[in-house]
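**Q** Below is a structure I'd like to ask you about.
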Amino acid sequence: FQQISTPIPLGLVAATAAAITPADRVLEPSAGTGLLAILAETAGASLVLNELAETRAALLSCLFPAVSASRFDAAQIDDHLDPGAVPSVVLMNPPFSVMANVEGRMVDAAWRHIASALARLAPGGRLVTITGANFAPDHPAWTAAFTRLQERGRIVFSAAIDGSAYAKHGTTFPTRLTVIDKLPADDPTVFAYAPGIAPDAATLLAW
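Numbered according to this note's numbering, the sequence shown spans residues 7 to 213.
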């Protein structure tokens, strides 16, 4: 299931972009080994955790004993979570191109995860996601999808990150940080300014 843990510096940038407070309820749909969840917990937020993989779900139960992590396919997270589990923040690093029980590459895997998480997010809430770099509003393959998405949530930031950010985690695939607020965009066809490719997490944080 593309089980690549989030590098800590990139996780810190994502958590900073999420602007998490003790009043927040944070959903991590593919919580993995908890590297993003621990940042939300450190900020004082309550957690809603989900992880499909058995080994990683067991690890989460050890790391967060007070949280009962669910084990749903995060691509349909909104369909499966308890109706009362409504987060004010979603912090996520979904699989880029694979899906549960589906063989081969799925180019829209990340999209499915994000769309379902956004549906679950409370109105006015914030979703911060790490994806492949090509999953961008200005990429011709995704412009129409992001235009439709902006009818529900406006993209307030999107920037690519050089692949070296993941080098210690076994891949040099370039990634992207995208921030979406669950408020309809004034004009769904207009996207936030994209500053380019950040060479490292420090540059991304400065942006």
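Backbone N, C-alpha and C define an ideal beta-carbon position, used for all residues, glycine too.
Taking DSSP as the reference, what is the three-state secondary structure of Glu34?
**A** Glu34 falls in the strand class under three-state DSSP.
**Q** Are there 16 or more other CB atoms within 10 angstroms of the CB of Phe197, so buried, or fewer, so exposed?
**A** Under this definition Phe197 is a buried residue.
**Q** Given a threshold of 16 other Cβ atoms within 10 Å of its Cβ, counted over all protein chains shown, does Val108 qualify as buried or as exposed?
**A** With a pLDDT of 47 at Val108, under the threshold of 50, the predicted position of this residue should be treated as unreliable, though the coordinate-derived value follows. It is exposed - the Cβ of Val108 has fewer than 16 other Cβ atoms within 10 Å.
**Q** Output the residue ranges of the beta strand (DSSP E) runs that lie fully inside the region 20 to 104 and measure 3 residues or longer, sorted by chain position.
**A** As far as the region 20 to 104 is concerned, its whole beta strand (DSSP E) runs of at least 3 residues are 31 to 34, 52 to 55, 95 to 98.
**Q** I'd like to confirm the pairing. Which residues does DSSP put opposite Ala165 in its beta bridges?
**A** Ala165 pairs with Leu183.
**Q** Out of Ala165, Ser122, Leu65, Asp85, which has the shortest C-alpha to C-alpha gap to Gly159?
**A** Checking every option, the nearest Cα to that of Gly159 belongs to Ser122.
**Q** Please classify Arg154: is it buried, with 16 or more other beta-carbons within 10 angstroms of its beta-carbon, or exposed?
**A** Exposed, because fewer than 16 other Cβ atoms sit within 10 Å of the Cβ of Arg154.
**Q** Rounded to whole angstroms, what is the Cα-Cα separation between Leu124 and Arg62?
**A** Cα to Cα, the separation comes out at about 23 Å.
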